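Below: the structure, in structure tokens.
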Amino acid sequence: MVKPLYTVSEQLMAVTNGKDYADTVITNGTIVNVMTGELNEGLDVAIKDERIVFIGQAKKMIGEKTTVIDATGRYVAPGLMDGHMHVESTMFSVSTFSQAAVKKGTTAIFMDPHEMANVFGIEGVRLMHEEGRQAPIHVFTTFPSCVPATDDLEDAGAEISVDDVKEGLTWDGVVGLGEVMNYPGVIQRNEKMVGEINATLAQNLTPTGHFPEGTKEELTSYLLSGVNSCHETVTKEQAIEKLRLGMYVMIREGSAWQDVKEVIKVITENRVQTDYIMLVTDDIYPETLVQKGQINHVVRRAIEEGVDPVIAIKLATLNTARYFNLDRDYGSIAPGKVADIILLDHLETVEPTDVFVKGTHVVKNKAFIQEVKPYLYPEKYYQSVKVKRPLVADDFNLVTDLMGPVNVNIIEVIENSARTKKQTVSLKVSDGALQVDMKNDVIKLACIDRHHQTGQISNQFVTGFELKRGAVASTVAHDSHNLLVMGVSETDMAVAANYLIKIGGGMVCVLDGEVIAEVPLPIAGLMSDLDESTLLQKVEQLKQGWVRLGCQMHAPFMTFSLIALPVIPDIRISNRGLVDVTTFNLIDTIC
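If you're matching positions, the sequence shown starts at 1 in full-length UniProt numbering and goes up one per residue.
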């Protein structure tokens with residue numbers, strides 16, 4: 001926790017008044033001034049304890065014990081802030097994620113742990129929040145709002161109530177409400193949604209939003225509720241409409257959902273004011289984090305699309321801090337601000353060499369130099385995959401009394417998009433069960449309750465992955481995180497499902513009855529307890545496993561993990577059946 005400025009003002013002023021010396025002085029750098037849009041050359045930055053005390057010529061503030069860092073030829077920028085992301089999607093624990101992210105210049109995140117919340121409820125959120133308070137970066141929490149994501153369409157492992165939200169909003173470091181995905185519920189004045197939003201506003205905190213599409217009247221109603229941001233904007237036209245109505249637009253660039261290229265045109269083409277625009281990651285996988293970067297990668301993408309580098313950095317620093325009402329302490333290089341600072345050799349690449357968090361030098365020459373104790377979760381968090389019985393091949397047959405061919409509603413996935421499309425296809429029937437259509441890339445998809453041991457299995461069909469053999473399975477299945485299984489072989493589907501049950505969750509590829517790739521995620525079936533390099537090796541093996549099964553899609557396991565999220569159009573699977581997201585109703589598979 002950062003000490004309030006008013007409690008340390010005199011201590012800081014002692015440095016500027018010549019009565020004390022700075023702890024650290026970064027000399028002769030070029031300041032990236034996100035307040036004026038300038039690059040201010042040849043300046044020093046003096047730090048005392050956690051805060052910046054002076055910008056200018058700070059030679060007089062250097063004492064015998066002052067650490068001096070020469071920034072000649074380098075840029076001194078505010079630490080980067082990711083305004084919306086889910087740590088669970090990185091597969092890392094909060095502690096391990098933070099160590100990887102800070103090397104990329106991330107000094108603060110605003111995490112929405114609603115994946116954990118869907119498995120273990122408020123207790124799980126509390127544990128992730130506590131882990132974040134011990135991390136080497138600022139981990140702010142937006143308390144999950146939609147757990148489960150929808151009512152009467154799926155079954156999660158837990159539920160978040162209005163009272164839970166009210167309690168969570170009192171925790172130190174909780175700064176708002178997690179993305180309000182149930183936007184129809186907001187518009188229709190669902191009691192739970194209204195209660196959570198109003199509780200957040202009553203605490204003068206920020207309710208974050210999720211509004212993928214709808215009429216102008218619906219968008220306006222959503223804004224009138226008090227929710228005033230969205231990270232689901234995918235076109236320039238959507239962004240302009242939202243910005244004109246005073247909605248903050250979070251432009252997303254994750255591992256699979258890559259929206260910068262189109263949405264950033266509101267700046268590069270329409271030349272709109274940028275105060276209501278932020279950059280976020282939402283969901284990124286470990287290889288993206290380690291190889292491309294975290295929020296610095298999104299900033300770099302904005303620069304590549306033509307945004308001025310200083311403006312691009314502002315979109316992930318000052319604008320983010322302002323949105324969460326934290327700009328008094330964060331988001332810029334200025335006297336009194338918390339000393340979250342990154343040093344860059346080149347402005348356009350946004351690859352930091354050194355990172356300071358709260359005035360502490362945590363990354364030096366691109367290496368993390370601090371020691372972080374591992375955070376241990378209770379034993380039950382490693383035993384979250386609970387099914388009624390082991391699965392067998394016949395469990396993955398969708399039986400029918402019809403003779404066939406039969407018209408069937410199926411899910412079509414779209415590469416690099418969170419959206420899906422509803423298709424109707426004709427499938428053959430053999431031995432009383434609907435069959436896959438390999439010629440037209442129609443394969444089996446199942447969602448199994450893994451929380452309540454009901455034995456419930458929803459069998460459906462999907463197209464777009466182009467699997468030619470074997471099966472895949474995952475306990476990462478946004479947002480209820482039931483057990484997803486997909487494949488062309490019922491036997492391999494059973495092997496995949498049973499393997500994840502055995503190891504406590506994760507992702508797996510199976511071919512001819514053998515596990516050919518796996519990523520164990522034993523913490524709630526969502527996060528790994530492996531170190532960075534080992535997890536990356538496992539993820540690379542998983543990628544190659546999907547390729548061996550015939551899939552050439554970019555980030556297929558990300559697309560697969562979202563196929564059960566019934567808040568993004570058009571059609572999804574849940575443990576209860578097939579969901580038409582355009583009407584928020586369960587629909588028949590056979591039509």
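Ideal Cβ placement from N, Cα and C applies to all residues, glycine included.
These figures come from a predicted structure and were not determined experimentally.
Residue nearest to residue i in terms of C-alpha spacing, selected from the options
{"i": "V162", "options": "P144, K373, I568 and V310", "result": "P144"}
{"i": "A71", "options": "M61, H346 and G157", "result": "H346"}
{"i": "S89", "options": "L578, T534, V581 and L521", "result": "L521"}
{"i": "V519", "options": "M507, D529 and G525", "result": "M507"}
{"i": "residue 592", "options": "S528, L289, G18 and K19", "result": "No information on residue 592 is available, as it lies outside the stretch 1 to 591 that the chain covers here."}
{"i": "M1", "options": "Y285, Q453, L549 and G132", "result": "G132"}
{"i": "A494", "options": "S474, P207 and I311", "result": "S474"}
{"i": "L549", "options": "T206, Y377, L565 and A517", "result": "A517"}
{"i": "S101", "options": "G73, K236 and F368", "result": "Rather than Ser, the amino acid found at residue 101 in this sequence is Ala. Of the candidates G73, K236 and F368, the one whose C-alpha sits nearest the C-alpha of A101 is F368."}
{"i": "S480", "options": "V406, A564 and K103", "result": "A564"}
{"i": "L562", "options": "Q541, A477 and R576", "result": "A477"}
{"i": "S458", "options": "Q552, R576 and V581", "result": "R576"}
{"i": "H114", "options": "A149, K59 and W171", "result": "A149"}
{"i": "V387", "options": "M278, G505, N319 and Q294", "result": "G505"}
{"i": "S430", "options": "V406, D449, V194 and E415", "result": "V406"}
{"i": "K380", "options": "A524, G432 and F584", "result": "A524"}
{"i": "I590", "options": "A555, M558 and Q423", "result": "Q423"}
Residue i in three-state terms, based on DSSP
{"i": "M61", "result": "helix"}
{"i": "V387", "result": "coil"}
{"i": "R322", "result": "helix"}
{"i": "Y381", "result": "helix"}
{"i": "Q460", "result": "strand"}
{"i": "F368", "result": "strand"}
{"i": "T90", "result": "helix"}
{"i": "V292", "result": "The question names Val, yet the displayed sequence has Lys at residue 292. K292: helix per DSSP, three-state reduction."}
{"i": "D394", "result": "helix"}
{"i": "V350", "result": "coil"}
{"i": "D82", "result": "strand"}
{"i": "T400", "result": "coil"}
{"i": "V266", "result": "helix"}
{"i": "D329", "result": "coil"}
Through-space distance from residue j to residue i, alpha-carbon basis
{"i": "L39", "j": "V32", "result": "5 angstroms"}
{"i": "Q99", "j": "D329", "result": "22 angstroms"}
{"i": "I52", "j": "V8", "result": "12 angstroms"}
{"i": "Q460", "j": "L484", "result": "11 angstroms"}
{"i": "G455", "j": "A446", "result": "12 angstroms"}
{"i": "R271", "j": "D283", "result": "28 angstroms"}
{"i": "Y6", "j": "G254", "result": "38 angstroms"}
{"i": "D155", "j": "G56", "result": "58 angstroms"}
{"i": "V472", "j": "L343", "result": "42 angstroms"}
{"i": "A83", "j": "I303", "result": "Just to set this straight, residue 83 is Gly in the shown sequence, not Ala. Approximately 18 angstroms between the Cα atoms of the pair."}
{"i": "L536", "j": "V488", "result": "27 angstroms"}
{"i": "residue 673", "j": "E514", "result": "Residue 673 lies beyond the residue range present for the chain, which begins at 1 and ends at 591; the question has no answer from this structure."}
{"i": "A239", "j": "D23", "result": "44 angstroms"}
{"i": "H243", "j": "L434", "result": "Checking the sequence shown, residue 243 turns out to be Leu, not His. Looking at the two C-alpha atoms, the distance is approximately 47 angstroms."}
{"i": "M403", "j": "K265", "result": "53 angstroms"}
{"i": "V125", "j": "M116", "result": "6 angstroms"}
{"i": "I333", "j": "G42", "result": "14 angstroms"}
{"i": "L417", "j": "G185", "result": "Inspection of the sequence shows that residue 417 is occupied by Ser rather than by Leu. Those two C-alpha atoms are separated by around 24 angstroms."}
{"i": "G226", "j": "F324", "result": "14 angstroms"}
{"i": "K364", "j": "E351", "result": "12 angstroms"}
{"i": "Q541", "j": "S221", "result": "46 angstroms"}
{"i": "G306", "j": "Y248", "result": "21 angstroms"}
{"i": "N409", "j": "L526", "result": "30 angstroms"}
N-terminal and C-terminal residue of the alpha helix (DSSP H) that residue i is part of
{"i": "R126", "result": "H114 to R133"}
{"i": "H297", "result": "I295 to E304"}
{"i": "Y6", "result": "L5 to T16"}
{"i": "A100", "result": "V94 to V102"}
{"i": "E262", "result": "V260 to V263"}
{"i": "V406", "result": "Counting along the chain, V406 falls outside any alpha helix (DSSP H), though it belongs to the beta strand (DSSP E) covering V406 to V413."}
{"i": "K314", "result": "P309 to K314"}
Range covered by the beta strand (DSSP E) that runs through residue i
{"i": "M111", "result": "T106 to M111"}
{"i": "G29", "result": "T24 to N33"}
{"i": "L343", "result": "I341 to L344"}
{"i": "V2", "result": "From DSSP, V2 is part of no beta strand (DSSP E); its letter is neither H nor E."}
{"i": "Y75", "result": "Y75 to P78"}
{"i": "residue 598", "result": "Because the chain here runs from 1 to 591, residue 598 falls outside it and cannot be looked at."}
{"i": "E41", "result": "E38 to K48"}
{"i": "M278", "result": "I277 to V280"}
{"i": "V272", "result": "Per DSSP, V272 belongs to no beta strand (DSSP E) and is neither H nor E."}
Start-end ranges of the beta strand (DSSP E) lying completely within the region 166 to 252, minimum 3 residues: Inside the region 166 to 252, DSSP marks whole beta strand (DSSP E) runs of 3 or more residues at positions 174 to 180, 206 to 209 and 248 to 252, from first to last along the chain.
Contained beta strand (DSSP E) runs [length at least 3] in the region 502 to 578, N- to C-terminal order: Qualifying beta strand (DSSP E) stretches, in chain order: 506 to 511, 514 to 520 and 571 to 574.
Segments of 3+ residues assigned as beta strand (DSSP E) that fall wholly inside the region 423 to 499: Listed in chain order, the complete beta strand (DSSP E) runs (minimum 3 residues) inside the region 423 to 499 are 442 to 448, 457 to 463, 471 to 474 and 483 to 487.
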